[in-house]
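As structure tokens, the structure follows; a few thoughts come after it.
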Amino acid sequence: MTAHLATPDYQIDHPSVYPPSEDTFLLLDALEAEQARIKAIAPRICVEIGCGSGVVSAFLNKLLTNASSSASDNAGGSEENCQFCTICIDVNLYALHCTQKTFEKMDESASIAHNRTKKPLMVCCNLLDPLAHRLKHGGVDILLMNPPYVPTEQTAQNEQELCYAGGPSGRALLDRLLPNVADILSPNGLFYLVALKENGVDELISTTTRERLGIEGTVVMERQCRNEHLFVLRFTHANVETAVPTTAGPSSAPTAKLPVATTAAETPSPAGSGNTPKTPSKITIHLRPVGSAPQLEAQYRKLVTNSGQSIAHITRVLRKWLGLGPTDSLFLFVNETFAPFPEHTIGNLYECFGSHDSRKLYLQYCLTPAWG
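Residues -6 to 365 (the working numbering) make up the sequence shown, in order.
Dropping the structure here:
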């Protein structure tokens, strides 16, 4: 059984600093669940907006430090793998003091020197105001934010209200940041956001938001905590998409916009080159339910699609056909065992799991992450 990373020790020494709560621990759980994805992009610049106690940044720092230490050991002690910077931002100076103490406590508890965390850069400001010109054009690999999300009649009027008061929609601060996220994130950058259901989670991860802001959101984790339904959302750069008719769908269903990426199969080979495409340009996906998932009507069960289309967009089409909302659980598997990432293309999966004689790929869908 895999050991979980412990929550960093902290000390809150001022009433205006937000203490770690259910939303904090949900974000920590989400980051740990996403650690393979996070480590895969080898982040160099990590930024948390509204660091509060510093627990989240310290946790991420520990996660990356552990990964870097292992990589350094495997590379014979090279420090090249350990170069990353954490920037902690808060408008409350007391929060930055707490964050500093949290990192110091974690250093004190480190058992060996190379597992010690890297000291963060701490900036007292609102959002990214003084850093925007430095971080634009893809400067941030990991962006974290647990904003004040509670809907209130007005925005925060004092230091204590800054911790929770999010204005009428609970998104007063978030709505100022969102238009800049695409400029801030590096090409493979990840933005993790805590949101309340009342903040309009469905709208935040909708196609409209994707097209308007150039970022694509998905639900990583959700949890009911007393009277709050909390979500952790992950945003990435949206892929360029081209409208493609869904020939397998009913005429009444809206045409899904699915990305068309240029693959080896879709790139014409020079005459006489003798190159044979590895993947056909068109692949037939067979959709099969597992467990309690509903069976699709016959005309929905096959989808002829381009090999460059992503699992994320196939999932969107399937949600429409099943009548599911953006926040309803839906899981896709190949061979009932392999769970593809949203960014995997159909061509990627076909090369590994497809039936090359018939140009078919079988995908199973279910409403829970596992079945018996």
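Ideal Cβ placement from N, Cα and C applies to all residues, glycine included.
Terminal residues of the alpha helix (DSSP H) in which residue i lies
i	result
residue 346	339 to 346
residue 172	167 to 177
residue 32	28 to 33
residue 100	86 to 102
residue 437	Residue 437 cannot be examined here, being either before or after the span of the chain that is shown, -6 to 365.
residue 310	304 to 315
Rounded separation between residue i and residue j - CA only
i	j	result
residue -2	residue 49	12 angstroms
residue 80	residue 127	13 angstroms
residue 353	residue 315	22 angstroms
residue 175	residue 294	35 angstroms
residue 207	residue 125	18 angstroms
residue 101	residue 45	20 angstroms
residue 361	residue 306	19 angstroms
residue 22	residue 177	24 angstroms
residue 277	residue 29	30 angstroms
residue 327	residue 129	38 angstroms
residue 15	residue 31	22 angstroms
residue 268	residue 279	Annotation note: pLDDT 44 at residue 268 (below 50); position unreliable, coordinate value reported separately. One C-alpha to the other measures close to 29 angstroms.
residue 113	residue 274	48 angstroms
residue 222	residue 272	43 angstroms
residue 227	residue 40	15 angstroms
residue 88	residue 215	26 angstroms
residue 162	residue 96	33 angstroms
residue 13	residue 351	54 angstroms
residue 218	residue 298	40 angstroms
residue 190	residue 142	10 angstroms
As assigned by DSSP and simplified to three states, the class of residue i
i	result
residue 229	strand
residue 22	helix
residue 247	Interpretation of residue 247 is limited by its pLDDT of 33, a score under 50 that renders its predicted location unreliable; the figure taken from the coordinates is listed afterwards. Reduced to three states, the DSSP call for residue 247 is coil.
residue 294	coil
residue 10	coil
residue 196	helix
residue 353	strand
residue 137	strand
residue 224	strand
residue 289	coil
residue 189	strand
residue 148	strand
residue 373	Since the first residue shown for the chain is -6 and the last is 365, residue 373 is missing from the structure and cannot be characterised.
Beta-carbon spacing of residue i, residue j below 8 angstroms
i	j	result
residue 135	residue 8	no
residue 117	residue 3	no
residue 281	residue 357	yes
residue 312	residue 323	yes
residue 340	residue 301	yes
residue 209	residue 188	no
residue 171	residue 140	no
residue 199	residue 335	no
residue 82	residue 121	yes
residue 59	residue 84	no
residue 86	residue 138	no
Expected contact under 8 angstroms - CB spacing of residue i and residue j to nearest Å
i	j	result
residue 283	residue 345	Rounded, the Cβ-Cβ distance is 20 angstroms, inconsistent with contact.
residue 180	residue 131	6 angstroms
residue 56	residue 77	About 11 angstroms; that fails the 8 angstroms criterion.
residue 225	residue 19	6 angstroms
residue 149	residue 99	About 29 angstroms; that fails the 8 angstroms criterion.
residue 169	residue 192	Between residue 192 and residue 169 the Cβ distance is about 14 angstroms, and since that is not below 8 angstroms, they are no contact.
residue 159	residue 147	Actually they are not in contact, since the Cβ atoms of residue 159 and residue 147 sit about 10 angstroms apart, beyond 8 angstroms.
Opening and closing residue of the beta strand (DSSP E) in which residue i lies
i	result
residue 124	Note, residue 124: premise wrong, no beta strand (DSSP E); not H, not E.
residue 3	Run containing residue 3: none; DSSP gives neither H nor E here.
residue 281	275 to 282
residue 212	208 to 218
residue 79	78 to 83
residue 114	114 to 117
residue 381	With the chain covering only -6 through 365, there is no way to say anything about residue 381.
residue 41	38 to 42
The ligand SAM heavy atom lying under 7 angstroms from the CB of residue i
i	result
residue 54	Absence of the ligand SAM is noted for the structure shown, with no ligands found whatsoever.
Residue-level contact to chain B via CB, residue i, 8 angstroms cutoff
i	result
residue 300	The displayed structure is made up of one protein chain only, and chain B is not part of it.
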